[in-house]
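Chains as they are written, first to last, in the working numbering: chain Y, 6 to 149; chain C, 148 to 418. Quick notes on the structure that follows.
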């Protein structure tokens with residue numbers, strides 16, 4: 006009885022953790038796993054390449070704008086074949102598309118890394134999805 | 148303060164560039180590097196306040212040189228200039244990279260990035276050459292740069308060099324180009340490009356080659372990977388295919404820009 010109860014508790018705990026875990030994953034290209042880990046908003050942003058180097062180009066917002074910063078964790082497996090990747094895009098609730106100035110450079114050069122892509126959006130915009138190649142990752146739970 | 152040795156060496160243009168420096172120059176470079184890093188750390192603690200155009204203009208009379216002077220004519224950080232190595236009798240583009248444009252980190256990094264992101268050879272060449280003329284002169288560097296290289300490179304590359312200066316002032320969301328905050332620092336946050344730049348932009352927007360200079364601006368980074376070893380070697384094939392090296396040497400082929408190369412070769416000539 007105790008064991009069954011413990012099992013139920015673990016299951017409930019796992020379900021709670023799972024429901025709170027809003028990151029979404031996809032495989033935009035064979036051998037490349039991407040997981041969105043964070044969405045933030047800021048007045049300025051670094052336009053680092055992905056994987057990140059120390060590109061020191063930054064951009065600042067104009068009045069009425071904000072940068073939506075979408076952080077994505079990438080894992081590269083041996084199956085990944087190096088090829089140029091398009092810059093990601095995001096869409097808001099009305100399906101309006103926004104671009105980023107951050108660029109993929111040498112995607113397979115390191116096995117694991119995190120990139121933050123800045124998107125210039127009107128203040129108050131909430132993001133719905135991130136488009137990485139043909140994959141779409143849900144952002145709505147992360148951008149509150 | 149910890150110094151990232153690799154980043155420091157990369158900031159000077161790599162091991163080869165460091166090997167050409169004497170002990171005094173190395174010590175000086177390290178000091179400047181640490182000063183810059185300290186400034187960055189302090190700046191990171193607080194939101195940056197960009198200067199106004201008026202504040203930048205107020206600095207003009209605080210310098211012994213004008214901001215537009217090419218780097219071969221001014222000492223670093225207000226110090227005296229150093230002796231420079233004479234050019235060979237028949238200098239090549241490689242000779243100018245080694246002896247007058249060095250360390251050329253910025254253009255080498257831009258071209259490296261252009262190569263890695265699959266740009267055309269004309270664009271890679273434009274990225275490699277786009278700011279070299281800053282050794283000679285800085286205002287209107289797009290036009291001066293295009294003029295310097297025009298007799299020797301493809302028309303598209305010259306077009307890209309000439310007009311990247313203009314497009315730097317105008318963001319292009321679709322192309323992935325943001326107005327850089329560095330421009331708020333160097334021109335002032337309330338700066339408005341002059342009318343000839345606005346007119347040039349208007350012309351470019353409808354030009355079939357708009358993307359040539361735009362792609363130079365997209366790859367026009369101040370720096371990226373500090374551990375990247377950049378050199379001109381990966382571009383030798385592109386230079387070989389697209390740069391028409393005159394047999395008399397740059398400066399002695401009677402081209403429309405030969406005098407500009409000679410000025411770069413002999414910046415200490417009084418007349």
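Backbone N, C-alpha and C fix where the C-beta goes; we use that ideal spot for every residue, glycine too. These numbers were taken from a predicted model, which means no experiment stands behind them.
- Under the DSSP definition of a beta bridge, residue 40 of chain Y partners with Y/30 and Y/78.
- Between the region 112-128 of chain Y and the region 69-86 of chain Y, the count of C-beta pairs closer than 8 Å reaches three or more; the two stretches touch.
- Taking 7 Å as the Cβ-Cβ cut-off, the region 306-323 of chain C approaches chain Y at 320, 321 and 323, given in chain order.
- Using a Cβ distance threshold of 8 Å, residue 48 of chain Y and residue 62 of chain Y do not count as a contacting pair.
- Within chain C, 264 and 323 have C-beta atoms less than 7 Å from the C-beta of residue 108 of chain Y, given in sequence order.
- Taken atom to atom, the span from the alpha-carbon of residue 261 of chain C to that of residue 319 of chain C is near 17 Å.
- Cβ atoms of residue 29 of chain Y and residue 142 of chain Y come within 8 Å of each other, at about 4 Å.
- Taking 8 Å as the CB threshold, residue 368 of chain C lines the interface with chain Y.
- Between the region 306-325 of chain C and the region 93-108 of chain Y, the count of C-beta pairs closer than 8 Å reaches three or more; the two stretches touch.
- With respect to chain Y, the C-beta atom of residue 331 of chain C has a partner C-beta closer than 8 Å.
- At a cut-off of 8 Å between beta-carbon atoms, residue 84 of chain Y makes no contact with chain C.
- Within the model, the alpha-carbon separation for residue 289 of chain C versus residue 84 of chain Y is close to 43 Å.
- Rounded to whole angstroms, the Cβ separation of residue 116 of chain Y and residue 80 of chain Y is 7 Å, and the two are in contact under 8 Å.
- Proximity to residue 38 of chain Y across Y/98, Y/69 and Y/86 peaks at Y/86, based on C-alpha coordinates.
- Out of C/268, C/329 and C/152, the CA that lies nearest to the CA of residue 302 of chain C is found in C/268.
- According to the DSSP assignment, residue 50 of chain Y belongs to the beta strand (DSSP E) that extends over 49-51.
- The distance from the Cβ of residue 359 of chain C to that of residue 270 of chain C is about 7 Å, consistent with a contact at the 8 Å cut-off.
- The C-beta of residue 65 of chain Y comes closer than 8 Å to at least one C-beta of chain C.
- In this structure residue 356 of chain C is exposed. Its beta-carbon is surrounded by fewer than 16 other beta-carbon atoms within 10 angstroms.
- Under the rule that a run must span 4 or more residues, the alpha helix (DSSP H) segments found entirely inside the region 297-348 of chain C read 302-314 and 328-334.
- Sequence-distant Cβ neighbours of residue 128 of chain Y in its own chain, meaning closer than 8 Å and more than five residues away, are 69, 70 and 71.
- The continuous alpha helix (DSSP H) containing residue 257 of chain C extends over residues 252-263.
- Counting along the chain, no alpha helix (DSSP H) covers residue 197 of chain C, and no H or E run does either.
- Just measuring C-alpha positions, the residue of C/265, C/264 and C/254 sitting nearest residue 292 of chain C is C/254.
- Rounded to the nearest whole angstrom, the CA to CA distance from residue 34 of chain Y to residue 390 of chain C is 37 Å.
- Contact between the region 297-312 of chain C and the region 397-413 of chain C is present: 3 or more CB-CB pairs across the two stretches fall below 8 Å.
- Less than 8 Å divides the Cβ of residue 263 of chain C from the Cβ of residue 111 of chain Y.
- By the neighbour-count criterion, in which a residue is buried when 16 or more other Cβ atoms sit within 10 angstroms of its Cβ, residue 396 of chain C is buried.
- The three-state reading of DSSP puts residue 272 of chain C in helix, counting H, G and I together.
- Sequence-ordered contacts of the region 326-355 of chain C with chain Y read 326, 327, 328, 329, 331 and 336 [C-beta pairs closer than 9 Å].
- Beta-bridge partners of residue 119 of chain Y (DSSP): Y/78.
- In terms of beta-carbon proximity, residue 119 of chain Y stays away from the interface with chain C, with every pair separated by 8 Å or more.
- In the three-state DSSP reduction, residue 166 of chain C falls in the helix class (H, G or I).
- Counting along the chain, residue 137 of chain Y sits inside the beta strand (DSSP E) bounded by residues 132-137.
- Taken atom to atom, the span from the alpha-carbon of residue 244 of chain C to that of residue 250 of chain C is near 8 Å.
- The residue from C/202, C/345, C/162 and C/165 with its alpha-carbon nearest to that of residue 331 of chain C is C/202.
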